[in-house]
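**Student:** Just passing along the structure, written as C-alpha cells.
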Amino acid sequence: MASVIAGGDSGMRGQLEGRSHAGLMCGLCKAGQALSRPFAAEGSSMRFLIIATAALFAACGRTPAPAPLPAADPGTQRATAQGDVVGFTAENGVKIWRGLPFAAPPVGDLRWRAPRAPAPWSGLREAVAPAAICPQISNVFNADEGHAPGTLLGAEDCLYLDVYAPANADPKATPVMVFIHGGGNVWGSARQYDPSNLAANENVLVVVVQYRLGPLGWFAHEAIRDAAETPEDKAVSFALLDLAAALEWVKANAGAFGGDASRVTIFGESAGGHNVAGLLASPRAKGLFHRAIIQSGLFDSVAAAEAENGGGPDINPARAIGERLGARDAAALRAVPLDKLFAVYELDSGGFASMPRMIADGVALPEAGLRAALADAATFNAAPVITGTNRDEMKLFQMVDPRLVNRTFGVFFTAKDAHFYDRLADYQSRLWRIRSVDEPAALMTGAGHAPVYAYRFDWDEGGRFLWTDLKKLLGAAHAIEIPFVMNRFQLLGRLDPVMWTKASAEEREALSRQMGGYWATFARDGDPNGVPVDGERPEWAPWKRDGALMRLDGASGGGAGMIAGVDSVDRLIADLESEGGLTPAQKKIIADALGLWLPARAADFAAAAG
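Number 441 in numbering that gives the first Met the number 0 belongs to position 442 of the sequence shown; there are no gaps in the numbering.
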C-alpha cells in the first residue's frame with residue numbers, strides 16, 4: 000500500500016470551491032456490504048465497488064487543476080479564544096476561515112486519547128488554506144489530487160474546522176449549523192464541502208468539522224484503557240469525543256464570527272448522520288447543541304466487548320495489530336507507523352475490511368447502545384430532530400456494480416434487468432428508511448422526545464447521455480440531497496453536466512431553496528416551518544404514530560408535501576413473500592441483502608423468499 004503523509008497546510012489539491020465527488024462514497028462501508036455479499040461466495044469486499052466506481056469516473060475525465068489560494072482579507076480578522084485569525088471573502092460575500100484548530104494534535108502519546116485543548120498562539124494566524132485531512136485510504140474521488148486509489152493519505156494532526164459566515168451576520172445572533180461529513184467514518188474531510196451558498200442564502204453560520212477516522216477514531220484495547228490519564232481516555236469512540244470537542248470550540252468561539260452559541264444545530268449525511276445520532280446519546284455532548292438533522296444516517300451501535308473481540312464482520316484494530324505487528328502495550332501501539340497501522344486492514348483480495356464504528360463504550364456512548372439511549376429520557380440529549388432518507392438510496396451502489404449494470408465502451412451504463420434493478424434497490428432503500436426513520440422516530444417520540452420531523456427525498460430528474468439514463472440508474476440515490484441542502488450542484492465530477500441539466504435547473508433551484516429554508520429555519524427556531532409558519536413552504540408536520548413524512552421533490556414529481564404511513568420490517572417481509580415478477584434466485588438475492596442489513600431477521604427474509 001502506497002503512503003503519502005501530508006502535514007500542516009500541505010495537500011492543497013483539495014477542492015477549494017466545493018467541486019467534490021465525496022458524497023458518492025459516504026455509504027460504501029455499510030451499503031456496499033449489503034449489496035455485495037449476496038452475489039458471490041468469495042466474501043465481502045468493497046473493492047469491486049471502488050474499482051467499478053473508479054472506472055465510471057476515470058471515463059469521465061479528471062477535475063481541472065485547483066484554483067490558487069485566496070488572499071487574506073483584513074476585514075475578516077477575528078479574535079478567538081486561542082488567538083487572532085484572518086480569513087478571506089468569497090465571491091458571494093461569505094467570509095471563510097479554514098483550518099482552525101479545535102483540539103491539540105492527537106499525535107504521539109495523544110494518539111487514542113480524548114482530545115486535549117488547542118494551544119494558543121501569538122500574532123495573527125492566516126486561515127485561508129484547508130487543513131490536512133485525517134489519515135485515510137484514497138479512492139477514485141481523490142484521483143484528481145494525483146493519488147491512486149489505495150494510497151494512504153493525511154496526517155494525524157487533523158483536528159480542524161472551517162467556518163462560513165454570511166456577509167451580514169448579526170453579532171452573536173446568527174444561528175450556527177455544524178456539518179459532520181460522511182464517508183463511512185473511514186474517509187472524508189472538511190475540504191470536500193462548500194456550504195457558502197447555504198450561509199449566504201439563509202443567513203446562517205456554517206461550521207464544517209473533521210474528526211479522526213478508521214482505526215484512529217474507533218479503537219478498543221485494554222492497554223489503551225489501562226494507560227488512561229483521564230476518564231475520557233478510556234473511551235473507544237474517539238471520533239465522537241472529537242466532535243464533542245469541536246462543539247465545545249463552537250460554544251466558546253461562535254460569537255467571534257457572529258454566531259449564536261445558544262442556537263447550535265448539528266447536521267450530517269450518511270456516516271455524518273450516524274455520528275449526529277451518536278451525539279444525541281453521548282453524555283460528552285450534553286448541552287453543546289440544540290437541534291439535530293440526520294441525513295441518511297443509521298442508528299446502530301456495536302457493544303464494546305464485541306468490538307474488542309472482533310465480532311461480526313468487523314476487524315478489531317487492536318487485536319489485529321497485536322497479532323500481526325506484535326504491538327501489545329500502549330506505548331508500542333502508539334508507536335506503530337501509520338502505514339503499518341492501516342496495512343493491517345488490507346485483505347488478501349486487495350480490499351479493505353470494515354471496522355467497528357459507533358461503539359457503546361460507556362464513555363462517549365452509553366453501554367446500553369445507541370437505540371436504547373435514544374429511547375431513555377435519562378440518556379437522550381433532548382433536542383428537536385429531523386431525520387430522513389432518500390427514496391432510492393441503494394441505486395448509487397447498484398449503478399457501479401457490474402453484476403447489475405452493462406457497460407458499453409466502458410462509459411455508457413444500462414441496467415441488465417431493469418425490473419430487478421428497481422426491486423433490489425427498493426427493498427434495501429426501504430429497509431434503510433425503516434432503520435433510519437420509522438423505527439428511531441417511534442423510539443424517540445415514544446419516549447417523549449418531541450418534536451421529531453421526518454422526510455423522504457424523492458427528486459429523480461437526473462439527465463441522460465446516449466444510453467446512460469441517470470433518472471433510472473440513480474434516481475433519488477444516496478447523497479443526491481447534499482447539493483440541494485448546500486445549494487451547490489456539484490457532486491459527480493465530470494458527470495455533473497449530465498446529472499444537473501439545464502432543463503431541470505429552475506426546478507432544482509426551487510427545491511434547493513425550499514430545503515435550505517427548512518434546514519435553516521429549523522436551526523433558527525427548532526421548527527422547520529418557522530415561528531410563526533412563514534407560508535413560503537408547505538407546512539411540515541411532526542412525526543406521529545401513523546407516520547408523517549415530508550416528501551421533498553420538484554414540481555415535476557408533485558412538489559414538496561406531507562405523506563402518511565409507517566413502513567416496517569414485517570411489512571417488508573410480507574411484500575417480499577408476495578412479490579411477483581422475480582425469479583426465485585432474484586428473490587433470494589434480495590433476501591440475502593436484507594439479511595446483511597439486519598442479521599436478526601435474516602431467517603425471516605430467507606423464508607419470505609421461499
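Where a beta carbon is used, it is the ideal one built from N, C-alpha and C, also for glycine.
Bear in mind that the values here come from a model prediction, so they are computed numbers and not experimental data.
With a threshold of 6 Å on Cβ separation, who are the neighbours of Phe341 within its own chain once the five nearest residues in sequence on each side are excluded?
**Tutor:** The answer, listed in chain order, is Leu151.
**Student:** Which of helix, strand or coil does DSSP assign to Lys94?
**Tutor:** strand
**Student:** Do three or more CB pairs link the segment 91 to 104 to the segment 154 to 169 at distances below 8 Å?
**Tutor:** Judged by Cβ distances under 8 Å, the segment 91 to 104 makes contact with the segment 154 to 169, as three or more pairs qualify.
**Student:** Would you list the one or two residues that DSSP bridges to Ile562?
**Tutor:** For Ile562, the pairing in a beta bridge is given by DSSP as Leu548.
**Student:** Kindly indicate which three-state DSSP category Trp217 falls into: helix, strand or coil?
**Tutor:** strand
**Student:** Need the endpoints of the beta strand (DSSP E) that Tyr163 sits in, please.
**Tutor:** 159 to 164
**Student:** Assign Trp466 to one of two classes, buried (16 or more other C-beta atoms within 10 Å of its C-beta) or exposed (fewer than that).
**Tutor:** It counts as exposed.
**Student:** Please name the residue in Met561, Leu287, Arg600, Glu247 whose C-alpha comes closest to that of Thr79.
**Tutor:** Glu247
**Student:** Identify, in the order they occur along the chain, each residue of the same chain with its Cβ nearer than 6 Å to the Cβ of Gly107, setting aside the five sequence neighbours on each side.
**Tutor:** none
**Student:** Taking its Cβ as the centre, do 16 or more other Cβ atoms sit within 10 Å of Lys415, making it buried, or is it exposed?
**Tutor:** exposed
**Student:** Is Glu307 helix, strand or coil when you go by DSSP?
**Tutor:** helix
**Student:** Quick check on Arg523: does DSSP put it in helix, strand or coil?
**Tutor:** For Arg523, the three-state secondary structure derived from DSSP is helix.
**Student:** Taking the continuous beta strand (DSSP E) assigned at Ser261, which residues delimit it?
**Tutor:** 258 to 268
**Student:** Ends of the beta strand (DSSP E) at Phe341?
**Tutor:** Boundaries for Phe341: no beta strand (DSSP E) harbours it, while the alpha helix (DSSP H) harbouring it runs 337 to 342, taken from the DSSP string.
**Student:** Using only alpha-carbon positions, find the residue among Gln489, Ala71, Val436, Ala522 that is nearest to Ala172.
**Tutor:** Ala522
**Student:** Hey, could you find the ends of the beta strand (DSSP E) Val484 is sitting in?
**Tutor:** Counting along the chain, Val484 falls outside any beta strand (DSSP E), though it belongs to the alpha helix (DSSP H) covering 481 to 485.
**Student:** Have a look at Arg463, Asn389, Thr88 and flag the residue whose alpha-carbon is nearest the alpha-carbon of Ala70.
**Tutor:** Thr88
**Student:** Please state whether DSSP places Thr407 in a helix, a strand or coil.
**Tutor:** strand
**Student:** Should Ala147 go down as buried or exposed, given a rule of 16 or more other Cβ atoms within 10 Å for buried?
**Tutor:** With fewer than 16 other Cβ atoms within 10 Å, it is exposed.
**Student:** Using 8 Å as the cut-off, can you tell me whether the segment 193 to 203 makes contact with the segment 235 to 246, which would need three or more C-beta pairs spanning the two stretches below that distance?
**Tutor:** no
**Student:** DSSP three-state call for Ala302: helix, strand or coil?
**Tutor:** strand
**Student:** Three-state secondary structure (DSSP) at Arg110?
**Tutor:** coil
**Student:** Using alpha carbons as the reference points, say which of Phe256, Ala584, Thr386 lies closest to Val84.
**Tutor:** Phe256
**Student:** Write down every uninterrupted run of the beta strand (DSSP E) in the segment 445 to 513 whose length is 3 residues or greater and which is fully enclosed by it, in chain order.
**Tutor:** 451 to 456
**Student:** With a threshold of 16 other CB atoms inside 10 Å of the CB of Arg370, please say whether the residue is buried or exposed.
**Tutor:** buried
**Student:** Decide yes or no for the touch test of the segment 573 to 580 against the segment 549 to 558: beta carbon pairs closer than 8 Å, at least 3 of them.
**Tutor:** no
**Student:** Can you tell me where the beta strand (DSSP E) holding Ala291 begins and where it ends?
**Tutor:** 290 to 294
**Student:** Grab me the residues of Ala382's own chain with a C-beta within less than 6 Å of its C-beta, minus the 5 sequence neighbours each way, in chain order.
**Tutor:** His289, Arg290, Ala291
**Student:** Tell me the start and end of each unbroken alpha helix (DSSP H) in the segment 177 to 245 that is at least 4 residues and wholly inside, in chain order.
**Tutor:** If we require 4 residues or more, the alpha helix (DSSP H) runs fully inside the segment 177 to 245 come out as 195 to 201, 213 to 216, 221 to 225.
**Student:** Decide yes or no for the touch test of the segment 172 to 182 against the segment 491 to 504: beta carbon pairs closer than 8 Å, at least 3 of them.
**Tutor:** Flag = no, the segment 172 to 182 and the segment 491 to 504 do not touch.
**Student:** Quick check on Thr75: does DSSP put it in helix, strand or coil?
**Tutor:** helix
**Student:** Cutting at 6 Å between CB atoms, please list the residues of its own chain near Phe237, excluding the five before and the five after it.
**Tutor:** So the qualifying residues of the chain are Arg211, Gly216.
**Student:** For the structure I just gave you, are there three or more beta carbon pairs, one from the segment 563 to 575 and one from the segment 454 to 473, closer than 8 Å?
**Tutor:** no
**Student:** Taking the Cβ atom as the reference point for each residue, do Glu392 and His477 lie within a distance shorter than 7 Å?
**Tutor:** A Cβ-Cβ contact shorter than 7 Å links Glu392 with His477.
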